[in-house]
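Peer 1:
Chains as they are written, first to last, in the working numbering: chain A, 1 to 330; chain V, 1 to 317.
1) Listed from N- to C-terminal order along the chain, which residues in the stretch 185-210 of chain V have their beta-carbon within a distance smaller than 8 Å of any beta-carbon of chain A?
2) At least one CB of chain V closer than 8 Å to the CB of residue 276 of chain A: is that the case?
3) Please classify residue 59 of chain A: does DSSP put it in a helix, a strand, or coil?
4) Which same chain residues, not among the five before or five after residue 301 of chain V, have their C-beta less than 7 Å away from its C-beta?
5) Assuming residue 331 of chain A and residue 258 of chain A make a contact with CB atoms under 8 Å, what is their CB distance in whole Å?
6) Please state whether DSSP places residue 119 of chain V in a helix, a strand or coil.
7) Under 7 Å, CB to CB, which of the residues in the stretch 54-66 of chain A have a partner in chain V?
8) Which parts of the stretch 253-321 of chain A are runs of the beta strand (DSSP E), unbroken and 3 residues or longer, counting only runs that do not cross its ends?
9) Comparing alpha-carbon positions, which option in V:189, V:154, V:185 and V:273 lies nearest residue 97 of chain V?
10) Let me check understanding here. Comparing Cα to Cα, which of A:316, A:229 and A:101 lies closest to residue 186 of chain A?
11) Please state if the CB of residue 225 of chain V and the CB of residue 44 of chain V are separated by a distance shorter than 8 Å.
12) Counting only runs that start and end within the stretch 182-263 of chain A, where is the alpha helix (DSSP H) found for 4 or more residues in a row?
13) Would the beta-carbon of residue 176 of chain V fall within 8 Å of that of residue 56 of chain A?
14) Is the Cβ of residue 53 of chain V closer than 8 Å to any Cβ of chain A?
15) Inspect the beta-carbon positions of residue 212 of chain V and residue 255 of chain V and report whether they are closer than 8 Å.
16) Would residue 124 of chain A be called buried (16 or more neighbouring beta carbons within 10 Å of its own) or exposed?
17) Just list the residues that DSSP pairs residue 35 of chain V with in beta bridges.
18) Determine the contact status of residue 69 of chain A and residue 85 of chain A, defining contact as a CB-CB distance below 8 Å.
19) Out of A:7, A:278, A:320 and A:326, point me to the one whose CA is closest to residue 298 of chain A's CA.
20) State buried or exposed for residue 151 of chain A, treating a residue as buried only when at least 16 other CB atoms are found within 10 Å of its CB.
21) Of all the options V:148, V:132, V:25 and V:294, which has the alpha carbon lying nearest to the alpha carbon of residue 166 of chain V?
22) Which term fits residue 9 of chain A, buried or exposed, when burial requires 16 or more other beta carbons within 10 angstroms of its beta carbon?
23) Please state whether DSSP places residue 10 of chain A in a helix, a strand or coil.
24) Give every residue of the same chain whose Cβ lies closer than 6 Å to the Cβ of residue 7 of chain A, excluding the five residues on either side of it in the sequence, and list them in chain order.
25) What in chain A is Cβ-close to residue 316 of chain V, meaning under 7 Å?
26) At the level of alpha carbons, what is the spacing between residue 122 of chain A and residue 231 of chain A?
27) Please return the same chain residues whose Cβ sits closer than 7 Å to the Cβ of residue 300 of chain A, not counting the five positions on each side in sequence.
28) Here's the rule I'm using: 16 or more other beta-carbon atoms within 10 Å means buried, otherwise exposed. How should residue 16 of chain V be labelled?
29) Can you tell me where the alpha helix (DSSP H) holding residue 253 of chain V begins and where it ends?
30) Does the beta-carbon of residue 207 of chain V have 16 or more other beta-carbons within 10 angstroms, so that it is buried, or is it exposed?
31) Pick out whichever of V:111, V:139, V:137 and V:140 has its Cα sitting closest to the Cα of residue 127 of chain V.
32) Would you please verify whether the beta carbon of residue 221 of chain A is less than 8 Å from any beta carbon of chain V?
33) Between V:37, V:14 and V:119, which has its C-alpha nearest residue 223 of chain V's C-alpha?
34) Which one or two residues does DSSP pair with residue 224 of chain V in a beta bridge?
35) When you compare each of V:229, V:68 and V:48 to residue 59 of chain V by their alpha carbons, which one comes out closest?
36) Give me, in chain order, the residues of the same chain whose beta-carbon lies closer than 6 Å to that of residue 293 of chain A; leave out the 5 immediate sequence neighbours on both sides.
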């Protein structure tokens, strides 16, 4: 393992069995699985933001949860700072969770409505026994609140989440994570529920986590435009697999996988003088994990090749740091 | 004369804490064969404003003042029966989260023909044929007329909603966040459909969204709303190129794009105000970087600045 790797994920899989009801009990049919995450491998370096972009149902949220073992993986290995997360018992996992944290999508649902801002943060301190004594707790809370832009801290100290705006609540969510000084944070659509005018402020805060505190971020989103501003590298997911991964500007200026090309062409541009591009692909995302022997994009792909039916394209490095899973790309 | 003229419209919600001025003295118009975008953040009153156009405002909300003139008639003075006949035929609407607005126990073909039967004097069989044509028009295909809503994906259901809304060739179509919550590729397909329909049917549209880029792809003119007020209005091209009001400017400067040079994004401090007790003077002044003394006390009127651009700001005189 290289020294600057914060996270290494190897061939991660998460299959959910499809319940067949009563009839399933008596039939000899094999249990079918939804392959939410299907063999994903990647690394995150220190102080790097890696974005996972995909449409709903592509498995990106499941993947984020599996990395923290909020959901148990079906198979695969996850190393955080060299420690194999998948082999830890509950006590060891709790210890390790301090180093790897999550920011959730819904800032309204992820904060306890019956605790004030300082109590929410104090709880994190106590669970992980960060400091001793109330005075030290207080000063740590104050410092963290100011770090996330909730200043002066006194003004927010005794407020309940309901008295905060969406942007402020999400800042509390960031503070709760930042106070632990983790090495890795997984942020699942952290700004999608915020007002347009406050989104950029929260994005800047996430960038500051990387630049000032050296925290690596796995940023999970469906929004290609914001991912461009916050991520150093981007991975595009389709049906539980990574189809393309590379440095952000390379992905946006020179996408190689036909699905990536379609995604980027589909994003509307905030410039009325630019004409809408034609979409190179048709149809809709199929149900995850029906036929997995062929490339999942085969049905919709404008370059689909008959000779590759029954084969899955491997994710190969086509140029330094740029990976693509497509038979067309050599 | 414009197709729709909204003049000095005020809609308040009378709550226990006091009146919430959701829409406070806004005026705009929509011309024949034109798409008007109404853009603003959540809670700025954009949905309330168009609900008034269909008279969907229910207590504790009330239209307090103003006129809504559609094809020469003031909608506010119409009887309930006249209003019922106007909805669907005169003005139709595609609702936000329309995927959940379909009847789950009725085939989509039936749901479309139901609207047609209500407004046209034809037989059920003819209406069914028209419903099938509508499904062709929105790109679903008549073969699926007998399917139920659960057999469709989110984007397809949204297309069915568009088919219902356009079934009686309305004089004006209102679309409230029609693509919010859809995946980018499905969103693009629906935007293309909207633009095609407009070209084919010459349908005037009011398009409501918080997404600047969606407006850029669809609208001829745009009105920017903030805290119950229209702060700037003009042609989409000129407003995006040269926003005048500090809020429009900040909104455009804080909007990321996937294409072109990666521009520096500027965040806007603070958050939108609560409308129960909006700031005095200009409602944007606590967040405005150009704030002056007059902004704190006096409300700027929406005035014609140059070539059709309306701006409400003390800065520009």
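All C-beta atoms in this analysis are idealised placements derived from N, C-alpha and C, irrespective of residue type, glycine included.
Peer 2: Working from what's here:
1) 185, 186, 187, 188, 189, 191, 192, 195 and 210
2) yes
3) coil
4) 312
5) The structure shown does not extend to residue 331 of chain A, since chain A spans only 1 to 330, so no value can be given for it.
6) helix
7) 55 and 56
8) 316-319
9) V:154
10) A:101
11) yes
12) 196-213, 224-230 and 248-253
13) no
14) no
15) yes
16) buried
17) V:205
18) yes
19) A:326
20) exposed
21) V:132
22) buried
23) strand
24) 44, 80 and 184
25) Chain A residues near residue 316 of chain V: none, gap ~21 Å exceeds 7 Å.
26) 31 Å
27) 281, 282 and 283
28) exposed
29) 246-253
30) buried
31) V:111
32) no
33) V:37
34) V:39 and V:232
35) V:48
36) 310
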